[in-house]
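Each remark here refers to the structure printed beneath this line.
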Amino acid sequence: MNMMKLFRETLRIRRIEEAIAAKYGEQKMRCPTHLSIGQEAVAVGVSKYLFKADKVYSSHRAHAHYLAKGGCLKKLIAELYGKADGCTAGRGGSMHLTDLSVGFVASTAIVANSIPLAVGNALHQKVQRKNEISVTYFGDGATEEGAFFESANFAVVKSLPTLFVCENNQFSVYSPLNVRQPNGRKISELARNIGLKSFVADGNDIEEVVSVAKLATEHIRDGKGPAFIEFHTYRHREHCGPNFDDHLAYRDPNELEQWLEKDPVKLMSEKLLKMGRTEQELTLVDVEIESEIENAFNFAEQSSFPNEHDNQKYIYA
Ligand SMILES: Cc1ncc(C[n+]2csc(CCOP(=O)(O)OP(=O)(O)O)c2C)c(N)n1
Ligand SMILES: [Mg+2]
0 MNMMKLFRET
10 LRIRRIEEAI
20 AAKYGEQKMR
30 CPTHLSIGQE
40 AVAVGVSKYL
50 FKADKVYSSH
60 RAHAHYLAKG
70 GCLKKLIAEL
80 YGKADGCTAG
90 RGGSMHLTDL
100 SVGFVASTAI
110 VANSIPLAVG
120 NALHQKVQRK
130 NEISVTYFGD
140 GATEEGAFFE
150 SANFAVVKSL
160 PTLFVCENNQ
170 FSVYSPLNVR
180 QPNGRKISEL
190 ARNIGLKSFV
200 ADGNDIEEVV
210 SVAKLATEHI
220 RDGKGPAFIE
230 FHTYRHREHC
240 GPNFDDHLAY
250 RDPNELEQWL
260 EKDPVKLMSE
270 KLLKMGRTEQ
280 ELTLVDVEIE
290 SEIENAFNFA
300 EQSSFPNEHD
310 NQKYIYA
């Protein structure tokens, strides 16, 4: 496991989202924006076992999934600015990313909506005997939607090459799990009872994420049917937007503090230092990332807005 590479990828996503948050108030990004800050290790670890040809689907909180799959940073920022050079040609915004050139098919704003899309594509992959899998990322809240149950059931019955990745950050907007789901339910057990090969792991521990992602993808690629991973993790900032919202007191104040101690970037830097890397080496990674991000924002600022007469061009046949 190349810890430095994983650290770089995780830190890159962190700094990109921090830059989005810092500039959001300028009112140039006019789309609702859900940040994955605190949850990035899941996308990085899972993507380590995905090939370009594999297809990824995501939800409203999609930046990390898009970037980890190889999505272009310039095209992401341009999309947030509503510019024609954006990955969705400036017509989608943060919640509707798509880039077929890297196998990132779609992210959608309706909770659980992209789960059946991934399963449908997995059926296509199986019928066409494609050597690929479909991945669907979603939150704990999405497991309360009928679309999840129907899709999971169908994937099991048809033994489809689908990887279900649930980022359990314990909240759906302001509602904790205990007001939404029966006491004691474990999402990974629910998935197992539907018939999925099911795993559970600490989503903030990159080594755990990588190990479980390896097992789950091997299971699928060996033709043994779909797999499900529940990752425990935590979002640091407000549900939607660039700010912290802990003054609203919907989360236990100690809870955020405890999760900040388990922040994936912090854990990875500590591991690297223990492995003999120096503070200077880690700072250098930050410096390199900074200029890449600056270039991407300049690119987005300089791009033009889409031409309203061009719409036909973007309808996929
Ligand atoms: C069908 C549907 N219901 C409600 C919403 C409003 N909504 C947007 S995000 C969200 C929270 C979803 O929680 P979860 O699936 O756990 O994802 P998280 O935001 O925690 O990443 C809700 C309720 C929606 N977009 N679609
Ligand atoms: Mg959630």
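Take 0 as the starting number for the sequence shown in numbering that gives the first Met the number 0 and just add one per residue.
All C-beta atoms, glycine included, are put in the ideal place defined by N, C-alpha and C.
Reduced DSSP category for Phe243 - H, G, I as helix; E, B as strand; rest coil: Note: Phe243 maps to coil in three-state DSSP.
Residue(s) in a DSSP beta bridge with Gly138: In the DSSP output, where bridge partners are listed per residue, Gly138 has Glu166.
Beta-carbon proximity check, Phe227 vs Leu195, cutoff 7 Å: With respect to the 7 Å criterion, Phe227 and Leu195 are classified as neighbours on the basis of their beta carbons.
Spatial distance of Leu122 from Gly224 (CA atoms): C-alpha separation (whole angstroms): 11 Å.
heavy atom of ligand 1 below 6 Å from Ala141 C-beta: Yes - ligand 1 has a heavy atom lying nearer than 6 Å to the Cβ of Ala141.
Any non-hydrogen atom of ligand 2 within 6 Å of Asn203 CB: Flag unset: Cβ of Asn203 not near ligand 2.
According to DSSP, residues forming a beta bridge with Ile36: Beta-bridge pairing links Ile36 to no other residue.
Per-residue DSSP class, three states only, for Ala384: The chain is shown only over 0 to 316; residue 384 falls outside these bounds and no answer can be derived.
contact_flag[the stretch 173 to 185, the stretch 204 to 220] where n(CB pairs < 8 Å) is 3 or more: Under the Cβ criterion (8 Å, minimum of three pairs), the stretch 173 to 185 does not count as touching the stretch 204 to 220.
Ligand 1 heavy atom lying under 6 Å from the CB of Asn182: Not under cutoff, so the answer is no.
Minimum length 4: unbroken alpha helix (DSSP H) runs contained in the stretch 276 to 306: Those alpha helix (DSSP H) runs which fall completely within the stretch 276 to 306 and span 4+ residues are 278 to 301.
Proximity winner among Asp221, Lys82 and Arg236, relative to Lys27 (alpha-carbon distances): Checking every option, the nearest Cα to that of Lys27 belongs to Lys82.
Inter-stretch contact (C-beta, 8 Å, three-pair minimum) for the stretch 65 to 80 and the stretch 140 to 155: The stretch 65 to 80 makes no contact with the stretch 140 to 155, as fewer than three CB pairs between them are under 8 Å.
Residues near Glu131 in its chain [Cβ-Cβ closer than 6 Å; skip 5 each side]: Contacts found: Ala52, Asp53 and Gln124.
Status (buried if at least 16 other CB within 10 Å, exposed otherwise) for Ala248: Answer is exposed; the Cβ neighbour count stays below 16.
In DSSP terms, what Glu17 is bridged to: Beta-bridge pairing links Glu17 to no other residue.
Euclidean distance between Cα positions of Asn310 and Glu256: Taking the straight line joining both Cα atoms gives about 47 Å.
Closest residue to Lys270 among Ile76, Glu206, Lys74 and Ile219 (Cα-Cα distance): Of Ile76, Glu206, Lys74 and Ile219, the residue nearest in Cα terms is Glu206.
Local Cβ density within 10 Å of Phe50, reported as buried at 16 or more and exposed below that: Exposed.
Closest by C-alpha distance to Phe77, when choosing among Ala42, Asn1 and Ala295: For the record, residue 77 in the displayed sequence is Ala; it is not Phe. For the residues Ala42, Asn1 and Ala295, the minimum Cα distance to Ala77 belongs to Ala295.
Continuous beta strand (DSSP E) assignments of at least 3 residues falling wholly in the stretch 43 to 92: Unbroken beta strand (DSSP E) runs of no fewer than 3 residues, entirely contained in the stretch 43 to 92, are found at 54 to 57, following chain order.
Exposure of His0, with buried meaning 16 or more beta-carbon neighbours within 10 Å: Note that residue 0 corresponds to Met in the displayed sequence, not to His. Exposed.
Ile186: first and last residue of the uninterrupted alpha helix (DSSP H) it sits in: Ile186 to Ile193 is the span of the alpha helix (DSSP H), which, as asked, contains Ile186.
Nearest-angstrom Cα separation, counted from Asp251 out to Lys261: If I take the Cα positions, the gap works out to 16 Å.
Alpha-carbon to alpha-carbon, Gly44 and His231: Using only the alpha carbons, I get a separation of about 14 Å.
Per DSSP, the bridge partner or partners of Ser171: BP columns for Ser171 point to Ser174.
Same chain, Cβ closer than 6 Å to Val258, five either side skipped, listed in chain order: Reading the sequence as shown, one finds Trp at residue 258 and not Val. Closer than 6 Å at the Cβ level, and outside the excluded window around Trp258, lie Tyr233.
Opposing strand residues paired with Lys196 [DSSP bridges]: For Lys196, which the question treats as bridged, DSSP gives the partners Ala226.
DSSP state of Ala316 mapped onto helix, strand, coil: Residue confidence for Ala316 is low, a pLDDT of 45 falling below 50, so the modelled location carries little weight and cannot support an answer.
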